[in-house]
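For the sequence shown, the working numbering gives the first residue as 3, with consecutive numbering after it. Glycine is no exception: its CB is placed at the ideal position from the N, C-alpha and C atoms.
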Amino acid sequence: MDSEFWAAIAGAVVGGLISLGVQLLAFRYSKKQAKDAKQDTQIALAKSLLLKTMKINAHLNQFQKHNEFHFKLADEQKLGAWQVVKAFANLPQQIHFSTDELTLLLSLNADDLFNEIVMLDEIHNDAIELFRTYKEMRGSLTQLLPSKMEGSHGIAELTPEQLFTLRPKMVELEALAQDIKIRCEQDTSESWSCLTKLMTTFRDKLGLKLTVEKRKQAPTT
């Protein structure tokens, strides 16, 4: 009788241990799945943020090269920048960082980088709007200029009265062109700094093995 009792106890204990072991294995598997899912989500967000930042840097770099080419031409011809700096025919689309993409940086304890990059998309979008405004203002002004063509260049001959009327618009457009040039130089440098820091952070924190290099880009003529 006693042997049957202890056998029953032993069986219950063994059965309980087996059940506990199965539960622990299931818990560990579930925990691993959750960890893998979190890492997959982080990697997807990191790649998305990197891609957007790469596009921002590429666009701003294109703007900067465009300005450099035409400002140099204006200096050589001793003309105002607004007379030489052309407007972009097709501007890129605006870019917006998502809340999840930016929050990723905070979850990785990259607070300083978060503070640097949080407004980068707005800086990019503001640059696009500045070029759009420049295009509209320059188009409005050139329509008011009486000009004759010599090859592919237009020459405007203004009377003193016409110059008096149009000069404020010329000054305003020149100031905008100069402002765009300065801002694009600063924004391009800032976007490149953010991009390289993102690469380093995601490599160290998430193990992403990606590299990016600056490439020379032909100016828009």
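Round the Cβ separation of residue i and residue j to the nearest angstrom and send it over; I've been treating them as touching at under 8 Å.
{"i": "Gln66", "j": "Glu187", "result": "6 Å"}
{"i": "Gln85", "j": "Ala76", "result": "7 Å"}
{"i": "Asn69", "j": "Ser193", "result": "Contact doesn't hold; Cβ gap of about 15 Å is too wide."}
{"i": "Phe73", "j": "Phe133", "result": "Actually they are not in contact, since the Cβ atoms of Phe73 and Phe133 sit about 15 Å apart, beyond 8 Å."}
{"i": "Met224", "j": "Leu178", "result": "The requested residue 224 does not occur in the structure, where the chain is confined to residues 3 to 223."}
{"i": "Leu143", "j": "Leu175", "result": "6 Å"}
{"i": "Ile97", "j": "Lys137", "result": "About 19 Å separates the two Cβ atoms, so there is no contact after all."}
{"i": "Thr167", "j": "Leu122", "result": "Actually they are not in contact, since the Cβ atoms of Thr167 and Leu122 sit about 41 Å apart, beyond 8 Å."}
Within a Cβ cutoff of 7 Å, which residues of the same chain sit near residue i, ignoring the five residues on either side of it in sequence?
{"i": "Ser50", "result": "Glu103"}
{"i": "Asp189", "result": "Leu62, Ile125 and Ala129"}
{"i": "Thr161", "result": "none"}
{"i": "Gly209", "result": "none"}
{"i": "Lys207", "result": "Leu110"}
{"i": "Lys171", "result": "Leu143"}
{"i": "Pro94", "result": "His61 and Ile130"}
By Cβ distance, which residues of its chain are closer than 6 Å to residue i, with the 5 residues on each side in sequence left out?
{"i": "Leu107", "result": "Leu115 and Phe116"}
{"i": "Lys40", "result": "none"}
{"i": "Gln79", "result": "none"}
{"i": "Lys199", "result": "Leu115"}
{"i": "Val87", "result": "His72 and Ala179"}
{"i": "Glu118", "result": "Cys196"}
{"i": "Gly141", "result": "none"}
Could you pull out every residue in the same chain whose Cβ sits closer than 8 Å to the Cβ of residue i, ignoring the five residues on either side in sequence?
{"i": "Thr203", "result": "Leu107, Leu110, Ala112 and Leu115"}
{"i": "Ala36", "result": "At Ala36, the pLDDT of 49 sits below 50, so the modelled position is not reliable; the number obtained from the coordinates is stated separately. Taken in chain order, the list of residues that qualify is empty."}
{"i": "Thr135", "result": "Leu178"}
{"i": "Val120", "result": "Phe99 and Leu104"}
{"i": "Ile45", "result": "Leu208 and Leu210"}
Legend entry - Inter-stretch contact at 8 Å, needing at least 3 Cβ pairs: the region 89-102 / the region 45-61: Judged by Cβ distances under 8 Å, the region 89-102 makes contact with the region 45-61, as three or more pairs qualify.
Inset, instruction - Taking only runs that begin and end inside the region 43-102, name each unbroken alpha helix (DSSP H) of 4 or more residues, in chain order. - result: Runs found: 83-86.
Legend entry - Complete alpha helix (DSSP H) runs within the region 129-199 (minimum length 4 residues, chain order): If we require 4 residues or more, the region 129-199 turns out to have no alpha helix (DSSP H) run fully inside it.
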